[in-house]
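Using full-length UniProt numbering, count along the sequence shown one by one with no gaps and you end on 167.
Quick reminder that beta carbons are idealized off the backbone N, C-alpha and C, glycines included.
Given the structure is predicted, the values throughout are model-derived calculations rather than measurements.
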Amino acid sequence: MKIAVLSDTHDHIWNIAKVLTQIKGEVEAIIHCGDVIAPFSVGLLATSDLPTYVCLGNNDEDHIGMEKKANTKFTWIHIGQQFGEIEFDNRKVAYTHYPKLGELLAKESKYDAVFYGHTHVPENKNLGKTLLLNPGSVCGIIDGKSAKATFVIYDTKTNSAKIIEIE
1 MKIAVLSDTH DHIWNIAKVL TQIKGEVEAI IHCGDVIAPF SVGLLATSDL
51 PTYVCLGNND EDHIGMEKKA NTKFTWIHIG QQFGEIEFDN RKVAYTHYPK
101 LGELLAKESK YDAVFYGHTH VPENKNLGKT LLLNPGSVCG IIDGKSAKAT
151 FVIYDTKTNS AKIIEIE
């Protein structure tokens with residue numbers, strides 16, 4: 001099973017739309033590691049019709065609006081708090097916005113993969129048996145400067161991930 005892992009979209013609706021086009025027919029679920037920002041971006045993510053799992057980031061101030069949008073219109077969108085965990089194909093996965101929490105979760109060694117965001121910098125490494133991964137940012141900005149906009153495709157069969165540039 002392949003899963004798209006996104007983070008830090010920051011309401012960049014054009015890049016969100018590009019990601020959804022790139023993943024169409026390629027993945028079976030989406031994980032978003034926070035900083036979606038506004039309810040209308042949740043609505044755009046929902047157009048994928050894929051199960052979507054979102055944790056809140058430090059800029060997701062309208063989380064009540066995001067949750068209302070998800071719960072009333074898009075029942076396949078699941079919005080959590082600081083971190084979430086889910087199992088796909090017998091692979092236990094955790095996701096969070098925060099790098100330090102991601103590293104702590106990975107060090108627990110109870111997850112096959114841990115995804116995090118916040119830094120906008122892609123990272124793909126192993127901590128023991130756990131894949132620790134930052135998909136970078138969909139918005140394509142690092143420290144106020146233009147950067148490559150990225151996301152990740154995670155493969156549960158191989159417990160590996162590929163960083164993808166947004167076209």
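Kindly identify the DSSP beta-bridge partner or partners of residue i.
i, result
"residue 54", "32, 79"
"residue 168", "The shown model of the chain, from 1 to 167, leaves out residue 168, and the question about it has no answer."
"residue 88", "91"
"residue 2", "155"
"residue 15", "In the DSSP output, where bridge partners are listed per residue, residue 15 has none listed."
"residue 167", "Paired residues: none, contrary to the question."
"residue 96", "83"
"residue 131", "113, 126"
Cα separation between residue i and residue j?
i, j, result
"residue 96", "residue 8", "11 Å"
"residue 214", "residue 44", "Beyond the ends of the chain as shown, which are 1 and 167, falls residue 214; an answer cannot be given."
"residue 15", "residue 165", "11 Å"
"residue 59", "residue 148", "21 Å"
"residue 25", "residue 137", "22 Å"
"residue 61", "residue 54", "14 Å"
"residue 65", "residue 38", "8 Å"
"residue 141", "residue 127", "27 Å"
"residue 146", "residue 83", "28 Å"
"residue 159", "residue 87", "12 Å"
Does DSSP put residue i in a helix, a strand or coil?
i, result
"residue 146", "strand"
"residue 138", "coil"
"residue 9", "coil"
"residue 67", "helix"
"residue 47", "coil"
"residue 42", "helix"
"residue 21", "helix"
"residue 123", "strand"
"residue 61", "coil"
"residue 103", "helix"
Buried or exposed: residue i, going by 16 or more other Cβ atoms within 10 Å of its Cβ?
i, result
"residue 17", "exposed"
"residue 134", "buried"
"residue 144", "exposed"
"residue 130", "buried"
"residue 13", "exposed"
"residue 35", "buried"
"residue 21", "exposed"
State the CB to CB distance for the pair residue i and residue j, rounded to an integer number of angstroms; the pair is presumed to be in contact (CB under 8 Å).
i, j, result
"residue 89", "residue 1", "5 Å"
"residue 93", "residue 106", "11 Å between Cβ atoms; not a contact."
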